[in-house]
Amino acid sequence: MLTCAKCHKKIDEKDALKRKNEQGAQEIICQECFKAATGVDFATFAYRREVAKQTFFAVIFCLAATIYAFVEKGPLYGAAGLLLTALIWYFSAKIR
Ligand SMILES: [Zn+2]
């Protein structure tokens, strides 16, 4: 069992969240205090983090495909790849 640094409630290790406080030191807090501190509940936060991660990989993949297309097929395909990457970036930014 861990103790929340803010409300001193006992929390399960799996429910404990680590975050940096205003002084830059790491503290362990419960999900309620996380929500109070950040304004988003942890489920939303985790969802956004997951979406951001997936977007990151999608963009990396597209950039790699773009470079490949540019080298193998020429600048026109490279430009098309860049456009596709920009579109994915744009729409994923809209979801958030
Ligand atoms: Zn707490």
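Taking my numbering, the leading residue of the sequence shown gets 115, the next gets one more, and so forth. Positions of the beta carbon are idealized from the N, C-alpha and C atoms, including for glycine. Model, not experiment: these values are computed from the prediction.
Between alanine 130 and isoleucine 142, the gap from beta carbon to beta carbon is short of 7 Å. Listed as beta-bridge partners of lysine 132 by DSSP are Ile142. The Cβ atoms of cysteine 144 and cysteine 118 sit closer than 7 Å to each other. The three-state reading of DSSP puts lysine 123 in coil, since its state is none of H, G, I, E or B.
Contact between the segment 179 to 196 and the segment 157 to 168 is absent: fewer than three C-beta pairs spanning the two stretches fall below 8 Å.
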